[in-house]
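Notes follow the structure.
There are 2 protein chains.
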Amino acid sequence: MTYYIGDVIKDETRLIARTPEQFEKSGVKVRLKTGAEEIDTEKGEVRLDNGERLPYDSLVMGTGSKVFLPDIPGIYEEGVFKLKNLRDGINIKTYIKERQCGSDKCRKAIILGAGFIAMEMSEAMRNLGLETRVVYRGELPVKKWDPEFSRVILEELTKNQVDFVPNKTPVAIERQGKESNLRLITNDGEMEADIIIIAMGVRPNVTLAEQTGLKIGNTGAIMVDFSQRTSQEEIYAVGDCCGVYHRISRKWIYMPLGDIANKQGRVAGGNIGGYPMSFPGIVGAQSFKVFDLEVATTGVDESEAEKSGCHPVSTIIWSTPSARSLSKGRKLGLKLIANKSTGKLLGAQAVGEGGAVTKINALSVCLWSGMNIDEIGYMDLAYSPSFGGAWDPIQTAAQVLKKNL
Amino acid sequence: MTYYIGDVIKDETRLIARTPEQFEKSGVKVRLKTGAEEIDTEKGEVRLDNGERLPYDSLVMGTGSKVFLPDIPGIYEEGVFKLKNLRDGINIKTYIKERQCGSDKCRKAIILGAGFIAMEMSEAMRNLGLETRVVYRGELPVKKWDPEFSRVILEELTKNQVDFVPNKTPVAIERQGKESNLRLITNDGEMEADIIIIAMGVRPNVTLAEQTGLKIGNTGAIMVDFSQRTSQEEIYAVGDCCGVYHRISRKWIYMPLGDIANKQGRVAGGNIGGYPMSFPGIVGAQSFKVFDLEVATTGVDESEAEKSGCHPVSTIIWSTPSARSLSKGRKLGLKLIANKSTGKLLGAQAVGEGGAVTKINALSVCLWSGMNIDEIGYMDLAYSPSFGGAWDPIQTAAQVLKKNL
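As given, the protein sequences belong to chains F and E, one line each in that order.
The first sequence begins at 3 in the numbering used here and counts up one residue at a time.
The second sequence begins at 3 in the numbering used here and counts up one residue at a time.
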């Protein structure tokens, strides 16, 4: 008997069930609103919070992540929201909708954090008509990207009336400001808001794993091997609770993203079901949209490259998402990072009013297969004036970078 | 001394000149409106149409392609246009503009051919307000794509009031129909139009090459090697006049596309200038836009795969250009073709209201580096709901196809 905590995929290419009823029909027992309190690895049993004990041959940990909340007074005040699951989204929308008029109208939002979830939230808040502020301890948003690109994102925020407040660390949240419900105290001044949203990242949820004695990696996530097995052979871990192998840095890292979780789930399922599978790792591809900007990255940045023992060289070029004559002023910035000693691509970043994700996806495959920038400069891509120039920005950037090797 | 016929790029990453004056300033002599009548390979001289003889050490043929015109009466009538260069575009626009009112108003257009240039032209004609017909000898447009995708393109034409007339071969064009300037006679009935545009493809222009005794390949184009040298060591050929190596079919083929020509030019220039370079071939990536559809392909189709000794298996899946909840009914079709014996990807096609080019570019890199569909099913791409689901259609299609191996 195998118990899964999370979704179950039995068939190789098709999700067989989405609702508890569908799962049951497929012969998979589902326990909702049931906590797993303890895993007894010697007996091969899980103790549930209702006292019941379930035996297992294989067990999959899909305990996910938990929101990082700063340890400051007032973090649990009404009107302060974390951002993790569907329920949080519904709570935020309900809170704003219930305060559409009158003296407690929800007018002002503060978002703490400036990662890609914070960027997406700022757009959502503006779309709901709120005055929106992003408050961040650093100088520029989305520090994973080059400052030149972060500045473009900052311009996009400004263009859409999102106020980016840099260099501020939250110290406390208090109820009842002068004009609004809440007051945010920072290390450098205070500001008011009717709603405060915490988007400062997540941490792996490893409470049960630690209690069970599973090995935890340097990243704080459950250690797994390429078959998704933990340090206990019969226990697997998948998704936001475990680490993942980065093919470019050649390190096990923590990257809690939905596409990675899905793949890991399939790999664990295959291994348990008797189809041996291996998770081949990631190259660090990710993307988001903020207002009219596409933002994407893949591979490693310079500092990660240096930590992996590489000598990174990089270049940024500015191009257009379609042929210049058709782009109507829209821009596309592309950064490539390569290893000076080998010429191999190490990473890429892109920001643009269109075109960023398509470049980063192609470059992710280049990273995946270990291509060097010589090859990338002349590889064959689908050219059409509607989608780019006769020289793709990828090729131009690779040829420029080649000179720095 | 080196003479180029075509553009010159001296610097490795920068076009140094665009106008004749800029070329001259860079020390490159430019002769416009000057024909090359004969190449004397023994003396190393080119005889120009003004009688002058220019000596060369290296020579680059960039004689391009010529339009294919069907050998039928009336093909040179006024109002019948070929489609090749900027001048043709200007001529077409002028012709239509000069007939904006009165009895000879240009109301109806016929486009002969149904390749991707014909598709783009049909959009252009509709944008100019003309009743537009595409007349083609085959059953469906763009035969390079799977019939399932060609039918989607046909629907897009119909939705935009372009009348697609299949199974008709032009027999003659006559002046003065009943209501229009021109009458097209086909093997099966006739129809009238005020303008007829021939978009039936191009052929390599090899007249001078043949006179010079350069070897011509099976494709009808000048034979070159990976350094772009012709059968005469000191004569290079680049662009639409020469063949190109297809890495997937492992054959020299004819594919007159602008991005390929640009790369070949750089390679020839490098070799002549003392920086030995090799053109690595193509995978056959191409794309076009027709109205709201993106259409793209890469690699080979089933029949090309069979000719190359492969055993192709394929699958088509229908997905969406962004997460299903954000796609507002927009669709994206993706076809993958793999080799049954090796599992290697052989080709891909995509059609969609967005997303087709980004998929085909990523898959072009997969083809470039010889990836198999096992790997493609689990590789890392930049996931975000704005740009797709947690499982990219590429991965879903690869996993479905895997079952057919």
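The beta carbon of each residue, even a glycine, is placed where N, CA and C say it ideally should be.
By the DSSP assignment, the beta strand (DSSP E) with residue i in it spans what residues?
i	result
Gln351 (chain E)	Leu347 to Gly354
Thr317 (chain F)	Pro314 to Ser321
Ile119 (chain F)	Segment Phe118 to Asn129 is the alpha helix (DSSP H) holding Ile119 (chain F); no beta strand (DSSP E) there.
Leu61 (chain F)	Ser60 to Met63
Pro57 (chain E)	Arg55 to Pro57
Arg89 (chain E)	From DSSP, Arg89 (chain E) is part of no beta strand (DSSP E) but of the alpha helix (DSSP H) over Leu88 to Lys99.
Lys110 (chain E)	Lys110 to Leu114
Tell me which residue opens and which closes the alpha helix (DSSP H) that residue i is part of.
i	result
Arg268 (chain F)	Gly260 to Gly275
Thr134 (chain E)	Premise fails: Thr134 (chain E) lies in the beta strand (DSSP E), Glu133 to Val137, not in any alpha helix (DSSP H).
Arg252 (chain E)	First-last for Arg252 (chain E): undefined, no H or E at that position.
Thr398 (chain F)	Pro395 to Lys404
Ile375 (chain F)	Ile375 to Ile378
Ser366 (chain F)	Ala358 to Trp370
Glu23 (chain F)	Pro22 to Lys27
Glu212 (chain F)	Thr209 to Thr214
Lys330 (chain F)	It is not in any alpha helix (DSSP H) - Lys330 (chain F) carries neither H nor E in the DSSP assignment.
I want to verify the contact list: residues of chain F whose CB lies under 8 Å from the CB of residue i, in sequence order.
i	result
Asp261 (chain E)	Asp382, Leu383, Tyr385, Ala392, Trp393 and Asp394
Asn273 (chain E)	Neighbours of Asn273 (chain E) on chain F: none; closest Cβ ~14 Å, over 8 Å.
Pro282 (chain E)	Glu377, Tyr380 and Met381
Between residue i and residue j, is the Cβ-Cβ spacing less than 8 Å?
i	j	result
Leu61 (chain F)	Glu235 (chain F)	no
Leu338 (chain E)	Thr317 (chain E)	yes
Ile396 (chain E)	Leu369 (chain E)	no
Glu158 (chain F)	Leu295 (chain F)	yes
Asp303 (chain F)	Gly349 (chain F)	yes
Val173 (chain E)	Val136 (chain E)	no
Lys404 (chain F)	Ile362 (chain F)	no
Leu184 (chain E)	Ala201 (chain E)	no
Asp242 (chain E)	Val204 (chain E)	yes
Ser472 (chain E)	Arg252 (chain E)	Past the edges of chain E, shown from 3 to 407, lies residue 472 (chain E), and the structure says nothing about it.
Gly286 (chain E)	Tyr256 (chain E)	no
Met63 (chain F)	Tyr277 (chain F)	no
Lys291 (chain E)	Ser388 (chain F)	yes
Asn189 (chain F)	Thr171 (chain F)	yes
Ile74 (chain E)	Thr214 (chain E)	no
Asn104 (chain F)	Val144 (chain F)	One point to set straight first is that residue 104 (chain F) is Gly, not Asn, in the sequence displayed. Not closer than 8 Å, so no.
Pro57 (chain E)	Glu44 (chain E)	no
Just the chain F side, please: which residues come within less than 9 Å of residue i by C-beta, in chain order?
i	result
Ser388 (chain E)	Glu122, Ser289, Phe290, Lys291, Glu296 and Val359
Pro323 (chain E)	The premise fails here: Pro323 (chain E) is roughly 11 Å from chain F at the closest Cβ pair, so nothing lies under 9 Å.
Lys330 (chain E)	Near Lys330 (chain E) there are no residues of chain F at all, since even the closest Cβ is about 15 Å away, more than 9 Å.
Met373 (chain E)	Val367, Trp370 and Ser371
On the criterion of 16 or more Cβ atoms from any shown chain inside 10 Å, does residue i qualify as buried, or is it exposed?
i	result
Val10 (chain F)	Low confidence applies here, because Val10 (chain F) scores a pLDDT of 36, under 50, leaving its location unreliable and the question unanswered by this model.
Pro149 (chain E)	exposed
Thr300 (chain F)	buried
Lys110 (chain F)	buried
Asn129 (chain E)	exposed
Gln288 (chain E)	buried
Trp320 (chain F)	exposed
Tyr78 (chain F)	exposed
Arg16 (chain F)	Annotation note: pLDDT 40 at Arg16 (chain F) (below 50); position unreliable, coordinate value reported separately. That one is exposed.
Met3 (chain F)	Its pLDDT being 37, under 50, Met3 (chain F) is placed unreliably in this model, and the coordinates cannot settle the point.
Arg261 (chain E)	First, the residue type needs correcting, since residue 261 (chain E) is Asp and not Arg in the sequence shown. When all chains shown are included, Asp261 (chain E) counts as buried.
Tyr6 (chain E)	With a pLDDT of 42 at Tyr6 (chain E), under the threshold of 50, the modelled position of this residue cannot be trusted, and the question is left open.
Leu114 (chain F)	buried
Cys244 (chain E)	buried
Phe228 (chain F)	exposed
Asn406 (chain E)	exposed
Met323 (chain F)	For the record, residue 323 (chain F) in the displayed sequence is Pro; it is not Met. Under this definition Pro323 (chain F) is a buried residue.
Asn341 (chain E)	buried
Glu212 (chain E)	exposed
What residues of chain F sit near residue i, judged by a beta carbon separation below 7 Å?
i	result
Glu133 (chain E)	Simply none; closest approach about 24 Å.
Ser366 (chain E)	Asp382, Leu383 and Ala384
Lys265 (chain E)	Tyr380
Please list the partners that residue i has in chain E, where partner means a Cβ-to-Cβ separation under 8 Å.
i	result
Asn87 (chain F)	Near Asn87 (chain F) there are no residues of chain E at all, since even the closest Cβ is about 15 Å away, more than 8 Å.
Starting from the beta carbon of residue i, find every residue of chain E whose beta carbon is closer than 7 Å, and list them in chain order.
i	result
Trp370 (chain F)	Met381 and Asp382
Ile362 (chain F)	Ala384
Val285 (chain F)	Asp382
Thr300 (chain F)	Ala384
- Task: Could you tell me which uninterrupted beta strand (DSSP E) segments, each at least 3 residues in length, are contained entirely in the segment 140-177 of chain F, listed from first to last along the chain?
- Result: Within the segment 140-177 of chain F, the complete beta strand (DSSP E) runs of at least 3 residues are 164-167 and 172-177.
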